[in-house]
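Okay, structure first, notes after.
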Ligand code: SF4
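Residue numbers (this note's numbering): 1 to 286.
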């Protein structure tokens, strides 16, 4: 049986940067506080927690004083920077450059939209850290659209400018924009921005072809990673023999019967490569 790991799977560069920064502090100082989960992957979090990382929430962050705090790749609100300064925290800012650019763009566009009584839309998931950070740039005054059911929130006689969470599904965004176009009075009132991250969107096309090359696909991802779930769905649609697991213990012997000659292992942007390697090494033992 041939077992291959997809070379293009695993952490995106934004997550790599955050983890490298954390590892560096842990090696020198033995302790760092991560504001929110550094990555949507339990196994990687455990690895870092064993080295001294402590995950805190925003309430802890406001109460604590003089700590070394990691701002993860998803980015933070301007208030978090103010709190850090007031509480004497040292910030290790690992906001992904792609997210940082988007935050600045959202801020600038909101200023312009205000001049023309326009509406700034963010397509994304309510409560997602990146969305919270984006909304924070404009005092929460953007309009969050999670799906078609939210489109009634918009006034179609006024200008609309759209942005999206970097990890949002491009087909879903396209559908929402098409719906807005149907409703808007004048198309010149609409401006759309493609702000999905290519590190994610390129993987859909790649996994589409990767998953077709194998008898069985084992997708490794965190249960709370929406990016992993979406990429897994792409595999499943192209190869019905695709299985989602979070660690090697979840592998099942019956997936690999005599008819299986080639197994492909892949994962999301929050899946560590070492975990995919562990999975690859466990399959022969089964
Ligand atoms: S998915 Fe893209 S935007 Fe998000 S952290 Fe990774 S590289 Fe940055």
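Here a beta-carbon is modelled for each residue, glycine too, at the ideal position from N, C-alpha and C. Please read these numbers as outputs of a predicted model, since none were measured by experiment.
For review: beta carbons within less than 6 Å of any heavy atom in ligand 1: 12, 13, 14, 15, 73, 96, 98, 99, 166, 167, 197, 199, 200 and 269
Proximity below 8 Å, CB of residue 287 to CB of residue 52: For residue 287 there is no data in the structure shown, the boundaries of the chain being 1 and 286.
Beta carbon of residue 248 nearer than 8 Å to that of residue 278: yes
Identity of the residue in 138, 159, 164 and 160 nearest residue 98 by Cα: 164
Three-state secondary structure (DSSP) of residue 53: strand
Straight-line gap, residue 276 to residue 222 (C-alpha atoms, nearest Å): 12 Å
Which listed residue (245, 281, 286 and 258) has its alpha carbon closest to that of residue 42: 245
Sequence-distant residues of its chain with Cβ nearer than 7 Å to residue 255 (five each side left out): 216 and 243
Nearest residue (CA-CA) to residue 30, options 10, 39, 17 and 54: 54
C-alpha gap between residue 38 and residue 129, whole angstroms: 11 Å
Residues near residue 132 in its chain [Cβ-Cβ closer than 7 Å; skip 5 each side]: 77
Where residue 216 sits in the DSSP three-state scheme: strand
Cβ-based neighbour list, residue 238, same chain, cut-off 7 Å, excluding 5 preceding and 5 following: 208, 211 and 212
Pair within 8 Å by beta-carbon distance, residue 121 and residue 142: yes
Validate contact between the stretch 250-264 and the stretch 194-203 using beta carbons, cut 8 Å, 3 pairs: no
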